[in-house]
């Protein structure tokens with residue numbers, strides 16, 4: 012069966028990823044679009060579940076602008092075999108590599124933001140809760156310590172002392188090359204728990220962790236809510252969040268992830284220049300690039316960078332900003348040339364893009380000729396449409412005016 016027939020006949024079922032001959036469910040709507048005189052198919056359907064609970068608990072690390080794990084799962088299951096290499100050049104919180112590893116695929120992840128590696132790589136080496144508890148008990152917390160910047164609008168003084176103690180411990184372990192998988196796990200969880208909107212975070216009430224908040228903004232929030240930071244037990248929060256992440260992961264899966272981790276590569280490079288990846292090595296790329304909206308790296312990540320000893324200003328200078336369609340297209344052209352180099356013959360690229368400027372600009376129609384110019388064949392565009400859910404924002408999904416979540420994925424093959 013060809014990919015065209017598969018997508019045309021596809022009917023989504025909640026209980027089974029595919030049931031092509033069921034009379035219930037929604038059939039695929041197919042239309043055409045023309046770019047530079049060439050006609051391409053566009054497939055519109057619900058291709059994967061909108062239910063967050065259908066994904067592994069391991070994915071529950073909040074991050075700005077990330078797609079749901081069901082998206083990479085759909086393409087990984089459809090287009091690859093076990094032990095094939097799956098790649099994401101803009102890995103973010105690591106949704107694609109984590110999902111690929113869960114499906115017994117080898118993984119390469121890249122993101123010029125070093126926080127991406129911090130938040131994703133540790134999930135391939137899941138520690139035992141008892142070992143994690145023992146390690147946390149060995150870390151000496153000094154409640155009297157103060158940060159080298161004013162964080163009083165976020166943290167109770169004792170909580171701040173615990174965070175600074177943990178930051179110091181992790182820094183020393185890293186600099187002495189003693190950081191192991193348990194330390195890396197603690198770093199990941201702590202980075203994710205720095206600020207948030209519930210008692211499951213170290214901070215007083217603030218915006219959800221996938222949204223940025225400045226010192227001035229937090230002072231305003233505190234004044235508006237008439238709140239002061241309560242004490243939060245850092246070790247207890249780390250243990251609780253760890254248990255939530257691990258709870259649904261069977262021992263056999265933990266072992267598989269550990270095996271995958273031995274070959275896994277987590278890069279921190281410009282996606283246009285990834286010499287660490289060999290020619291024709293990757294079977295499938297699933298990714299979503301940064302869009303035209305200006306990424307304010309320092310404003311979004313200043314606190315996470317502080318905790319991890321990263322200079323946010325230096326990272327910001329290394330991130331390519333594309334303020335116009337023309338600039339964005341030139342950068343993406345170079346990315347696709349690199350993707351063509353590393354993709355196996357008959358390999359695939361699933362490139363998720365969106366609509367911007369209130370739908371006036373459809374990036375899928377812009378990215379199609381960029382991919383074909385690099386040498387790929389465009390097999391069409393998948394538009395995944397789902398009913399609006401309240402959890403959409405926390406997953407970084409934008410909702411359109413019709414009350415649906417929409418993903419637009421341009422599918423390319425190297426022939």
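Residue numbers (the working numbering): 12 to 426.
We treat Cβ as the ideally placed atom computed from N, Cα and C, and that holds for glycine.
Checklist entry - So is residue 217 buried or exposed if we call it buried at 16+ other beta carbons inside 10 Å? => result buried
Checklist entry - Below 8 Å, can you find three or more Cβ-Cβ pairs linking the segment 342-357 to the segment 285-294? => result yes
Next on the checklist: What does the alpha-carbon distance come out to for the pair residue 151 and residue 283?
Outcome noted: 43 Å
Next on the checklist: Short of 6 Å in beta carbon distance, which residues of its chain neighbour residue 420, apart from the five on each side in sequence? Order them along the chain.
Outcome noted: A distance below 6 Å between beta-carbons, with the five flanking residues on each side excluded, links residue 420 to the following residues of its chain, in chain order: 361, 363, 393.
Checklist entry - Rounded to a whole number of angstroms, what is the C-alpha to C-alpha distance between residue 163 and residue 133? => result 30 Å
Checklist entry - By Cβ distance below 7 Å, which residues in the same chain neighbour residue 320 in space, the five residues on each side in sequence not counted? => result 182
Item to check | Nearest to residue 179 (by Cα), restricted to the options 167, 197, 166 | outcome: 197
Checklist entry - So, using beta-carbon positions, are residue 158 and residue 173 closer together than 8 Å? => result The answer is no: Cβ separation not under 8 Å.
Next on the checklist: Between which two residues does the beta strand (DSSP E) holding residue 359 run?
Outcome noted: 354-364
Item to check | Range of the contiguous alpha helix (DSSP H) that encloses residue 264 | outcome: 262-274
Item to check | Every unbroken alpha helix (DSSP H) within the segment 124-191, with a cutoff of 4 residues, ordered by chain | outcome: 125-131, 140-149, 168-186
Checklist entry - Quick one, which of 417, 253, 268 has its alpha-carbon nearest residue 459's? => result With the chain represented from 12 up to 426, any question about residue 459 goes unanswered, as that position is not in the structure.
Checklist entry - Out of curiosity, what's the CA-to-CA distance linking residue 19 and residue 238? => result 55 Å
Next on the checklist: If distances are taken between C-alpha atoms only, which option among 194, 325, 344, 289 comes closest to residue 333?
Outcome noted: 344
Checklist entry - For residue 72, which of helix, strand or coil comes out of DSSP? => result coil
Checklist entry - Which whole-angstrom value describes the C-beta separation of residue 21 and residue 389, a residue pair presumed to lie in contact below a C-beta threshold of 8 Å? => result Not really, about 19 Å apart at Cβ, beyond 8 Å.
Next on the checklist: Give me, in chain order, the residues of the same chain whose beta-carbon lies closer than 6 Å to that of residue 423; leave out the 5 immediate sequence neighbours on both sides.
Outcome noted: 360, 382, 387, 389
Item to check | Rounded separation between residue 33 and residue 279 - CA only | outcome: In this prediction, residue 33 has a pLDDT of 38, which is less than 50 and means its spatial position is unreliable; nothing more can be read from the coordinates.
Next on the checklist: By the three-class DSSP mapping on this structure, what secondary structure does residue 99 have?
Outcome noted: strand
Next on the checklist: Let me check understanding here. Comparing Cα to Cα, which of 246, 260, 288, 298 lies closest to residue 70?
Outcome noted: 260
Next on the checklist: Nearer than 7 Å: is that true of the beta carbon of residue 21 relative to any heavy atom of the ligand ADP?
Outcome noted: The ligand ADP is absent from the structure shown, which contains no ligand whatsoever.
Checklist entry - Once you ignore the five residues that flank residue 275 on each side, which residues in its own chain have a CB closer than 8 Å to its CB? => result 108, 112, 117, 118, 119, 120, 132, 135
Checklist entry - Roughly how many whole angstroms lie between the Cα atoms of residue 59 and residue 81? => result Spanning the two alpha carbons is a distance of roughly 6 Å.
Checklist entry - Does the distance from the C-beta atom of residue 101 to that of residue 264 stay below 8 Å? => result no
Checklist entry - Under 8 Å between the Cβ atoms of residue 391 and residue 302? => result no
Checklist entry - Mapping DSSP to helix, strand and coil, what is residue 350? => result Three-state result, residue 350: helix.
Next on the checklist: Assuming contact is defined by CB atoms lying nearer than 8 Å, are residue 205 and residue 104 in contact in what I supplied?
Outcome noted: no
Next on the checklist: Spatial neighbours of residue 17 within its chain, please: C-beta separation below 6 Å, excluding the five flanking residues on both sides.
Outcome noted: none
Checklist entry - Around the C-beta of residue 13, are 16 or more other C-beta atoms found within 10 angstroms, so that it is buried, or is it exposed? => result Looking at its Cβ environment, which holds fewer than 16 other Cβ atoms inside 10 Å, residue 13 is exposed.
Checklist entry - Hey, how far is the Cα of residue 250 from the Cα of residue 201? => result Taking the straight line from one Cα to the other gives about 10 Å.
Next on the checklist: Among 165, 146, 85, 417, whose alpha-carbon lies nearest the alpha-carbon of residue 191?
Outcome noted: 146
Next on the checklist: Using only CA atoms, which one of 230, 255, 222 lies nearest to residue 309?
Outcome noted: 222
Item to check | Length-filtered (4 minimum) alpha helix (DSSP H) runs lying within the segment 193-280 | outcome: The DSSP assignment places complete alpha helix (DSSP H) segments of no fewer than 4 residues inside the segment 193-280 at 226-236, 245-257, 262-274, in order along the chain.
Item to check | Where the alpha helix (DSSP H) through residue 326 begins and ends | outcome: 323-329
Checklist entry - Taking the DSSP output, what are the residues bridged to residue 51? => result 44
Checklist entry - If we ignore side chains and look at the alpha-carbon of each, how far apart do residue 270 and residue 125 end up? => result 23 Å
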